[in-house]
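Please read the structure below before turning to the comments.
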Amino acid sequence: MRWAAGALGALVLLGAAFAGGVLVDQSYPEQVPVLGAHLQKRGSLDRAGLDQALRVVEAHYYDPGLDSSKLSRGSVRGLVQALGDPYTQYLDPTQFRAQEDFYAGRHNGVIGITVSYAGDRPVVASVLPGSPAQRAGLKDGDVILAIAGTDTAGLTADRASALIRGPIGRPVLLRLSRDSSQLDVSVQRADFKSPTVQSLRLEGDVLYVRVYEFGDDTLRDFNSQLRAGLPGARGVILDLRDNGGGLVAAAQGIISDFVGQGEAFEQRGRDGQVHRTQVSGGPAAPDVQLLVLVNAASASSSEITAGSLQTHGRARLVGTRTFGKGSIQVDYRLADGGDLHLTVEHWFLPGGRSVDQKVGLTPDVAVDLAGPRLMFDVAEPSRGHAGDTQLNRALELLAGR
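Counting from 1, position 300 in the sequence shown corresponds to residue 282 in my numbering; the numbering is continuous, with no gaps.
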């Protein structure tokens, strides 16, 4: 699988630890390649040294009950970490299955939150629609002080994930810091499938479409909701805020709904060759006014989508500078059931513009948002959008103000 992962720091997604957004191709390579001469010219891999270290550990380490599989996986992780690439990683079999479930929208024994880190504590970055966390009243920006009685100060993402995830139907108690107060919230773990697209008609006959991620069902749901909402709409607002990425087919498809011809994006490998991905043709909304909301957590395929629409002159971007993530990873399935997630290419916008090295996309209309809780929640429209300065500015632009 190909990914253009927008790693926004350590995340706890629904109780499973991941790097951030991802861009996925349609298939895995069928086999792991043999070591090529181009690598051997840069120095040989000291296999003898690795084997010697392993034999010393097995012969002399104090605990004789060593788990060889852990040693093997640790060796692969060390190999990957030595590359110094934050987007290349090794996922053990459990992590890889959880990642597949997430992008298929399958969430088992979890509560439905994404978590970033501020300082040494996890913070709720988003609450998935239809999730147990939403029903329990968790809010974006809640600082998690304790999970099931365990203080979160200095807690690793993996450990926080393990504490949040648990048996279906059993609650997990979270101590939260919200504004200037603390509160305890019990959230019952469950299995659920979250939507990746939600939409509604706003005032002024504006179709608002929120894309949470680019998952397996995103393009189908986006196309369905776009076509259903277009009749009579004066404009469309595509909200990609806090969207860390997803499937390349979904990104290409969404671009193709608004752009009739030309490139969707470009990919360049280490050989310098350029592979140009074209739009698929037959756009559903080639002429309707379009504005795209972005922020610092819009990454990877969100940036491909927003940046391509901006480059084609098809949409103006409203919000703040995006994350800036332009490398592409390929998944190589390993014999142990794990996954080697390896950077192999970089992607570029049509015409060759890069958003890598955290350059990001510059919005056409820069608008800050005072806090994450002010962002309009399409899953709870009754809360309104009075405090969402970015959405409100987009509505003004569509109204010609």
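Ideal placement from N, C-alpha and C gives every residue a C-beta, glycine not left out.
- Note on residue 177: 16 or more other CB atoms within 10 angstroms of its CB, so buried under the neighbour-count rule.
- Here residue 304 is buried: its Cβ has 16 or more other Cβ atoms, across all protein chains shown, within 10 Å.
- Taking the CA atoms as reference points, residue 381 sits about 34 Å from residue 248.
- Across the set 371, 253, 165, the C-alpha of 165 shows the shortest separation from the C-alpha of residue 119.
- For residue 36, the uninterrupted alpha helix (DSSP H) run begins and ends at 29 to 42, by DSSP.
- Around the C-beta of residue 302, 16 or more other C-beta atoms lie within 10 Å, and the residue is accordingly described as buried.
- In the structure shown, residue 243 falls within a coil segment according to DSSP collapsed to helix, strand and coil.
- The three-state secondary structure of residue 255, taken from DSSP, is coil.
- Residue 72 sits close to residue 320, with the two beta carbons spaced by under 8 Å.
- Measuring C-alpha to C-alpha distances from residue 362 to each of 31, 322, 181 identifies 181 as the nearest.
- For residue 278, the secondary structure class from DSSP, reduced to helix, strand or coil, is coil.
- No Cβ-Cβ contact shorter than 8 Å links residue 113 with residue 129.
- In the structure shown, the three-state DSSP call for residue 302 is coil.
- Here the alpha carbon of residue 326 sits roughly 16 Å from the alpha carbon of residue 258.
- A distance of 8 Å or more separates the beta carbons of residue 133 and residue 106.
- DSSP places residue 140 in the helix class (H, G or I) of the three-state scheme.
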